[in-house]
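Colleague:
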Amino acid sequence: MSEQNSHLVCPHCQATNRVPATRLNAAPNCGKCGQPLLTASPHELNAQMVSKVIQKNEVLTIVDFWASWCQPCLMMAPQFKAAASQLPQVVFAKIQTDKYEQAAAPYNIRSLPTMVAFKNGKEVARQSGALPSDQIVQWVKSLNA
102 MSEQNSHLVC PHCQATNRVP ATRLNAAPNC GKCGQPLLTA SPHELNAQMV
152 SKVIQKNEVL TIVDFWASWC QPCLMMAPQF KAAASQLPQV VFAKIQTDKY
202 EQAAAPYNIR SLPTMVAFKN GKEVARQSGA LPSDQIVQWV KSLNA
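Throughout, the numbering used here is defined as the position within the sequence shown, counted from one, plus 101.
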């Protein structure tokens, strides 16, 4: 019987890595650049990265769609970061919708901030509005249940 693998996109060099499911909790590093694949911190996506991160990551990936002019987005940013630090096996990423409008457009974001959960390239849940870190953690954990 073969071991289950998951694909993870490196937040540093964007290489796609195949990681055995049993090693996801062991702080795996990128096979190309050697940097950590799971950083327990949100990473900023640009227009070229957003589709790859969403489509190629097979682990739960939470993307915060935000804008620089959005006060609730700015208030939630440290909460999103705090939640990421509590869930190291989940990929947390951010896309600035006012800077990368075309990259965010396919996801039909109607209000900001909006967090969208993806797994295996598919949207599995969405949450609009600013939340404190404990509620973000609770929401993400409910998706893994």
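Positions of the beta carbon are idealized from the N, C-alpha and C atoms, including for glycine.
What residue range does the alpha helix (DSSP H) around proline 129 cover?
Modeller: Note, proline 129: premise wrong, no alpha helix (DSSP H); not H, not E.
Colleague: For cysteine 134, collect the residues of the same chain with a Cβ closer than 8 Å to its Cβ; drop the 5 residues on either side in sequence, then sort them by chain order.
Modeller: Cys111, His113, Cys114, Ala116, listed in sequence order.
Colleague: Output the distance between the C-alpha atoms of glutamine 182 and serine 142, rounded to the nearest integer angstrom.
Modeller: Here residue 182 is lysine; the residue named in the question, glutamine, does not match the sequence. Roughly 6 Å separates the two Cα atoms.
Colleague: Please state if the CB of proline 214 and the CB of cysteine 171 are separated by a distance shorter than 8 Å.
Modeller: Result yes, Cβ atoms of cysteine 171 and proline 214 sit closer than 8 Å.
Colleague: To which residues of the same chain is valine 151 closer than 6 Å at the C-beta, ignoring the five residues directly before and after it?
Modeller: Excluding sequence neighbours, valine 151 sits near Ile196, Ala204.
Colleague: By a C-beta neighbour count over all protein chains shown, 10 Å radius and 16 as the cutoff for buried, is methionine 216 buried or exposed?
Modeller: Looking at its Cβ environment, which holds 16 or more other Cβ atoms inside 10 Å, methionine 216 is buried.
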